[in-house]
Amino acid sequence: MSELPAFARFYMVCRKPSGPMSKTEPRQRYSHLSDAREAAHKLASQNDAPFLILESVEIIRPGDATEGRLL
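If you count the sequence shown from 1, you need to add 193 to reach this note's numbering.
This is the structure we're talking about:
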C-alpha cells in the first residue's frame, strides 16, 4: 500500500473507544497534525477522557477490487 500524497492527507479527533460497541464519531477534519493535537488536548481536558488522532491512509471507491488504489 502506498501512502497518500501530502495534499490528500487529513486528521480527525475522536474519543478513545471504551469497548467493542463504542462509537467513534469524529466530526472535524484538520489539515495539519499540530492542529489535531491541539484539538485533542483541549477535548481531553474538557471531557476528562482520552482522545485519539486518526489519520487518513487510503481512499477506497465503490467498485474498487484491489488494495492500495490511491486517488
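A virtual CB, placed ideally from N, CA and C, is assigned to each residue, including glycine. Values in this document were obtained by computation on a predicted structure and should not be read as measured data.
Residue i and residue j closer than 8 angstroms at C-beta
i: I246; j: R222; result: no
Pick from the options that is closest to residue i, judged by C-alpha positions
i: F200; options: L226, P243, G212 and Q239; result: L226
i: H234; options: L197, R202, P255 and R208; result: R208
Nonlocal neighbours in the same chain, by C-beta distance under 7 angstroms from residue i, ignoring five residues either side
i: A237; result: P243 and F244
i: A232; result: V206 and Y223
Anticipated Cβ contact below 8 angstroms, residue i with residue j, distance rounded
i: Y204; j: E248; result: 5 angstroms
Spatial neighbours of residue i in its chain, beta-carbon cut-off 8 angstroms, leaving aside the 5 residues before and after
i: P219; result: M205, V206, C207 and L247
If you scan the stretch 207-242 from start to end, which runs of the alpha helix (DSSP H) of 4 or more residues do you find wholly inside it? For the alpha helix (DSSP H) assignment, the uninterrupted runs of no fewer than 4 residues enclosed by the stretch 207-242 are, from N- to C-terminal side, 226-240.
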